[in-house]
Amino acid sequence: MPRQRKTPTVKEPVRIRFKELAGGEQSIYLDIYRNGKRKYEFLKLYLVPEHDAAARELNAATLAAANAIKSRRIIELANGEAGIRNVPGQSRMPLSEWMKTYYEGCEKRGRRGNTIIKNTAHALACFAPDAMMKDIDRDFCVSLIAYLRGTYRTKEGKPLAQFTVISYLGCLRGALNEAVRAGVIAENPLNRLSPTEKVRMPESKREFLTIDEVRALVATPCAKEKVKAAFLFSCYCGLRISDIYALKWSNMGIDGGQWRISLVMRKTRTPLYLPLSKQALKWMPERGTAKEDDPIFEGLPDEQRVNLAVKAWAAKAGITKRVSYHVSRHTFATMMLTLGADLYTVSKLLGHSKVETTQIYAKIINKKKDDAVGLIDKEFADTM
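Residue numbers (my numbering): 26 to 409.
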């Protein structure tokens with residue numbers, strides 16, 4: 026009987042590969058082999074250790090993005106061999122259309138607080154209503170920053186606060202990063218700005234509450250008790266509101282009698298393993314019959330309403346500072362340092378990848394110490 030010939034295996038010109046990194050993460054890259062030449066393209070996408078459902082969900086989304094990029098590279102290779110030139114970054118898609126696509130994508134992924142995307146899109150439409158994605162370069166970004174800081178006005182006719190400018194630029198950065206991942210543009214031009222061209226929040230603007238002010242909030246009723254519980258929980262553990270919304274009962278675990286949270290932070294996509302103090306646990310809702318995938322702080326209003334409730338509550342407690350939900354994270358950081366925790370430990374509790382990011386809180390504490398010592402000179406000025 027004649028031997029049957031094996032069907033030749035067709036090798037894929039583009040393959041997804043993984044590189045192990047310190048900390049258990051894996052960097053995803055493409056192995057591209059064509060015409061006897063091999064090159065590698067690192068995608069700046071990472072798989073995190075799958076300790077919980079949130080990490081598995083994140084990895085699935087990351088792999089889907091990597092496979093989409095792989096498919097585009099295969100198409101680009103095929104087009105090149107057929108004499109069809111495909112120049113990345115030359116998309117004639119209107120910027121306004123991409124912002125709409127980005128908004129819809131965030132909505133489908135269940136992301137909260139997407140009002141900022143609408144506001145950013147409105148500002149972009151005022152600045153350059155006919156801009157195409159191919160027009161978004163470094164010069165565009167520099168001009169946009171100048172426009173937002175000087176010319177642009179809100180619907181009420183007011184200039185933008187510096188924090189709002191930073192929020193709009195952060196939103197645009199996210200939209201452009203998504204455009205790079207989708208192959209709409211080749212790179213994010215915001216990443217090419219020099220430090221002097223970027224808008225940064227002054228360090229002194231990072232508001233926080235003192236321990237006595239936290240005690241005052243504990244003793245003061247809040248119109249929305251769920252907001253009070255969530256805010257005080259964050260004061261004792263440092264979680265951002267985006268992570269509070271995403272926090273599920275499956276993220277909770279106990280190890281050696283110590284309750285811990287295991288999650289992937291929404292903002293940085295960094296894994297966080299956070300021990301919880303008894304004070305933090307005190308403000309967690311009762312689980313009751315809640316399932317593993319049910320949110321812990323279920324029924325929490327959207328971020329805008331949360332901040333309004335926090336502001337009214339703080340005023341009722343006699344606190345004159347500008348208090349938003351994010352102040353709880355700053356409060357946790359400064360409280361830990363005030364109570365004697367070292368900078369490295371606080372950095373890990375906050376999920377910072379660099380200790381330098383945490384140093385801002387140490388500077389705030391040192392400034393308060395200097396001010397306190399200065400009170401002595403003021404009090405005894407007549408005796409000098």
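C-beta atoms are modelled at their ideal positions from N, C-alpha and C, and glycine is treated no differently.
Owing to the predicted nature of the structure, the values given are computational and were not obtained by experimental measurement.
Can you tell which of the options has the C-alpha that lies nearest to the C-alpha of residue i?
i: valine 39; options: Ala86, Ser349, Leu102 and Pro246; result: Leu102
i: methionine 118; options: Asn139, Asp160, Ala85 and Ile142; result: Asp160
i: glycine 49; options: Phe67, Tyr71 and Glu66; result: Tyr71
i: lysine 95; options: Ala207, Ala148, Thr145 and Ala150; result: Ala207
i: arginine 97; options: Val331, Ser219 and Val205; result: Val205
i: cysteine 131; options: His351, Gly199, His147 and Lys64; result: Gly199
i: threonine 363; options: Ser372, Thr345 and Ala387; result: Ala387
i: isoleucine 99; options: Pro74, Glu82 and Glu66; result: Glu66
i: alanine 80; options: Thr295, Asp164, Glu381 and Val239; result: Thr295
i: leucine 306; options: Met277, Asn332, Ala150 and Gln329; result: Met277
i: asparagine 213; options: Gly182, Pro74 and Arg163; result: Arg163
i: alanine 93; options: Met361, Ile41, Glu82 and Glu75; result: Ile41
i: isoleucine 141; options: Glu181, Glu75, Glu328 and Gly182; result: Glu328
i: tyrosine 350; options: Ala366, Gly365, Phe357 and Asn332; result: Asn332
i: valine 239; options: Phe357, Ser192 and Phe165; result: Phe357
i: arginine 265; options: Thr314, Leu375 and Thr245; result: Leu375
i: methionine 290; options: Arg63, Leu83 and Asp56; result: Leu83
i: leucine 299; options: Ala244, Lys373, Ala366 and Ile236; result: Lys373
Rounded to whole angstroms, how far is the Cβ of residue i from the Cβ of residue j, which I believe are closer than 8 Å?
i: leucine 272; j: leucine 288; result: 7 Å
i: valine 352; j: leucine 242; result: Not quite, the Cβ-Cβ distance comes to about 11 Å (not below 8 Å), so this is no contact.
i: leucine 215; j: methionine 157; result: Rounded, the Cβ-Cβ distance is 17 Å, inconsistent with contact.
i: tyrosine 54; j: leucine 68; result: 6 Å
Which same chain residues, not among the five before or five after residue i, have their C-beta less than 6 Å away from its C-beta?
i: phenylalanine 322; result: Ala255 and Ile269
i: glutamine 304; result: Tyr261
One question on the structure: do residue i and residue j come within less than 8 Å of each other, judged by their Cβ atoms?
i: serine 267; j: lysine 292; result: yes
i: lysine 249; j: proline 320; result: no
i: histidine 355; j: glutamate 232; result: yes
i: leucine 201; j: valine 224; result: no
i: isoleucine 389; j: threonine 345; result: no
i: tyrosine 169; j: phenylalanine 152; result: The sequence as given places leucine at residue 169; tyrosine does not occur at that position. Cβ atoms of leucine 169 and phenylalanine 152: closer than 8 Å.
i: methionine 361; j: valine 348; result: no
i: leucine 301; j: arginine 285; result: yes
i: leucine 368; j: threonine 383; result: yes
i: alanine 334; j: cysteine 196; result: no
Between which residues of its own chain and residue i is the CB-CB distance below 7 Å, once the five residues before and five after are set aside?
i: glutamine 51; result: Phe43, Lys44, Glu45, Tyr71 and Leu72
i: asparagine 391; result: none
i: valine 209; result: Ser116, Met118, Trp123 and Met158
i: threonine 32; result: Per-residue confidence for threonine 32 stands at a pLDDT of 45, beneath the threshold of 50, marking its modelled position as unreliable; the derived number appears in the next sentence. Nothing listed; no residue qualifies.
i: glutamate 37; result: none
i: proline 11; result: With the chain covering 26 to 409 only, the question about residue 11 has no answer from this structure.
i: proline 184; result: Arg178
So, for residue i: in the same chain, excluding its five sequence neighbours on each side, which residues have a beta-carbon less than 8 Å away from its beta-carbon?
i: glutamate 317; result: Ala78, Lys273, Trp274 and Ser275
i: glutamate 203; result: Tyr127 and Gly130
i: lysine 125; result: Ala146
i: lysine 143; result: Tyr128
i: phenylalanine 165; result: Ala153, Ala156 and Pro214
i: alanine 244; result: Ala342
Exercise for review: Inspect the CB distances between the stretch 250-260 and the stretch 273-281 and report whether three or more fall short of 8 Å.
Suggested key: no
Point to revise | Three CB pairs or more closer than 8 Å across the stretch 173-180 and the stretch 84-94 | key: no
Check your understanding: Between the stretch 208-228 and the stretch 339-348, are three or more C-beta pairs nearer than 8 Å?
Key -> no
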